Every structure is written in C-alpha cells, then in structure tokens.
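Note that the protein sequences, when read in sequence, are chains A and B.
Numbering follows this note's numbering, in which position 190 of the first sequence is assigned residue number 351; successive positions increment by one, without gaps.
Numbering follows this note's numbering, in which position 32 of the second sequence is assigned residue number 98; successive positions increment by one, without gaps.
This report concerns only the one structure given below.
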Amino acid sequence: MGQRTLEVVAVIEEAATPLGIRPTIVGGMAVYFWTEGDAFATYDIDVVMAVPEKLAEILAQLGFVRSKDGRHWELPDTEVLLEAPSADLDAGVQVAVVRLPSGRTARVLSRVDILLDRLDEFQTTGHRLVAQQALVLLTELTAAEQADLDARAPARRLTVIVDSMRRLARELPSRSEPPAVDELHEIARAALRAEYSPRQS
Amino acid sequence: MKPQTINYEEWRRDAPRRRAQTEEILARLGPIRRDRPRHPTEAAFLRRIGTPERLIGPDA
C-alpha cells in the first residue's frame, strides 16, 4: 500500500480521534498492505468508521466530496476514493497500527482478520480472486498467526475451509495447472456444507 | 489484545521480499480476474483512473 494511501487515512484518523472514531482500513487495500499484491490491487479504500455529521463536515473541510449514494467519499482530482461500509469492527477483531514518517498513525485490519474475512467470503461465494488473495495471505502467516487463525476459525465456522486452503497451498508447487474455477467452487461448497449441515451423532 | 505496531519505513524495507513471494504464488494460481459485482460508484471511479476491467469486475 502506498504511503500516500496510509497518510490519507492517518489524516482522517487525526481529525476523527477527538470524536472517538478510529478509522481502520479493511478490504482489498488491507490485502494489498499485507501482500504487496499489485496484480489484484485497486485504489479504492474501504475504511470501517462511523461518519456522524460532525465527521462529514470535517471530511468536507479536508476536500472530500460525498457521493450521491452516501457511502463513498472522493478527493477530486486525485486517485482517492473512500468507502465506509460499516461503522464498527466486529468484536474481537485485531488491528495493526502503522507509524508513518509524518508521525501520524493509520490502522489496518490484522493479517489474520483480513484472511478470516477472505476465507468467509470465499466459502460463501466460491469466487476465485478471493481464493487467490486468501492463499497468498495464508502462506505469509507467522507461526503465531497460524495459531491465532486456528484458535479463531471455529467461532466463524471456517475450520474446514482453513484446512482445505492449507492443503491446496501445500499442493500448489507440485501442480502442473492452476486450480480450476470448478474446483474452487467445490472446495467452497464442501466447506459450507460441512460447517452448516446438522452434525451427525 | 494490544494492537501490533508497525514502523512504516521498516515495513517498506521488507516489501520486495513480500512482493516476490506473492508473485511466486500468484504465478501458480491462474488469471487474476474479479468476479464479485462492484458498486457502480466504485466502478466509475476505477474506470476513470484507468483500472483494468479484469479488476473492476461486473457491475452490481
């Protein structure tokens, strides 16, 4: 993620903190921060934060223009588009605080949490890009993060998909072809069935 | 839990290694193409700044 993107969010954080609001970067930009994956990076920034009227006024003073749909904020004549899809992070979610050369800080969803989000989305949709992002994130985890992932996956009903994706990641180097779309859909469907079917006694 | 703290300049020094690892994995994963629908406001913005269609995906 470019320093400029982080600085944009850091400036908003600086203005929003007195209101008790700490914006956190989530979504594709968080994936990019952890992976440097230029191949799937786009420039829109998803930020979890409440936008009360007071903060809306501050964003306008900073030069942001709110879109007609009310969800997006664009900084005209730049490549900056913010979306605030929700006001609060889920309970138990962890963030990383990035200290910038300017002295400001920006918050990014932790690597384990963005991976859990991607696995959840993949399990529900079977989408290939989400699977690709999850596989890249998975292979970058530290041992401590792997343990954290194992500890937290059951509460989100993601144990089966974690196991399936680890298996796929291990197999990748020996495969002659990339995983097919149908195979990914079947992995996602099987995990969803296993997590949500009534348990057999 | 206390948040992880990252010094940006130290993080950037390790960026080439992260990028290389990501590219190595992506090379085994086939074409990168978004299939999840995209909000029209985002799609219009991304087209305006020249984002490839394969990353914009279908309109919601």
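Beta carbons are placed, not taken as given, at the ideal position from N, Cα and C, and that holds for glycine.
Every value quoted in this text rests on a predicted model; they were computed, and no experiment measured them.
Query	Result
Identify every run of the alpha helix (DSSP H) within the segment 180-228 of chain A, keeping only runs that are complete inside it and at least 4 residues long; order them along the chain.	188-196, 214-222
Would you call the segment 270-279 of chain A and the segment 292-304 of chain A touching, i.e. three or more CB-CB distances under 8 Å?	yes
Mind listing which residues of the segment 105-117 of chain B have their C-beta closer than 7 Å to chain A's C-betas, in chain order?	Thr107, Glu108, Phe111, Leu112, Ile115, Thr117
Closer than 8 Å, CB to CB, is B/Glu119 near chain A or not?	no
Rounding to the nearest angstrom, what Cα-Cα distance links B/Pro118 and A/Glu347 in this structure?	28 Å
Would you say A/Ile186 and A/Val254 are within 8 Å of each other, going by their C-beta atoms?	no
Would you call the CB atoms of A/Glu175 and A/Arg317 closer than 8 Å?	no
Short check: CB of A/Ala349 to CB of A/Val321, under 8 Å?	no
Should A/Val226 be labelled buried (16 or more other beta-carbon atoms within 10 Å of its own) or exposed?	exposed
For A/Ser271, which option in A/Ser263, A/Asp309, A/Phe283 has the closest C-alpha, if you only look at C-alpha atoms?	A/Asp309
Where are the alpha helix (DSSP H) runs, 4 residues long or more, that stay fully inside the segment 269-318 of chain A, in chain order?	272-286, 289-301, 304-313
Can you check whether the CB of A/Ala314 is closer than 8 Å to the CB of A/Val323?	yes
Thinking just about the alpha-carbon of each residue, which of A/Ala217, A/Val342, A/Pro213, A/Glu244 is nearest to the one in A/Gly189?	A/Glu244
Considering B/Thr145, what are the terminal residues of the beta strand (DSSP E) in which it resides?	Residue 145 of chain B cannot be examined here, being either before or after the span of chain B that is shown, 67 to 126.
Could you tell me whether any Cβ in chain B is nearer than 8 Å to the Cβ of A/Thr320?	no
Who are the neighbours of A/Arg336 on chain B, taking C-beta pairs under 9 Å?	Arg94
Give me, in chain order, the residues of the same chain whose beta-carbon lies closer than 6 Å to that of A/Leu236; leave out the 5 immediate sequence neighbours on both sides.	Gly224, Phe225
What residue from A/Glu168, A/Val241, A/His288, A/Thr303 has the CA that sits closest to A/Pro340's CA?	A/His288
Pull up the DSSP beta-bridge partners for B/Gly125, would you.	The question names Gly, yet the displayed sequence has Asp at residue 125 of chain B. DSSP lists B/Arg104 as partners of B/Asp125.
Tell me which same chain residues have a C-beta within less than 6 Å of the C-beta of A/Val212, skipping the five on either side of it?	Ala245
Say whether chain A places a C-beta atom closer than 8 Å to the C-beta of B/Pro103.	no
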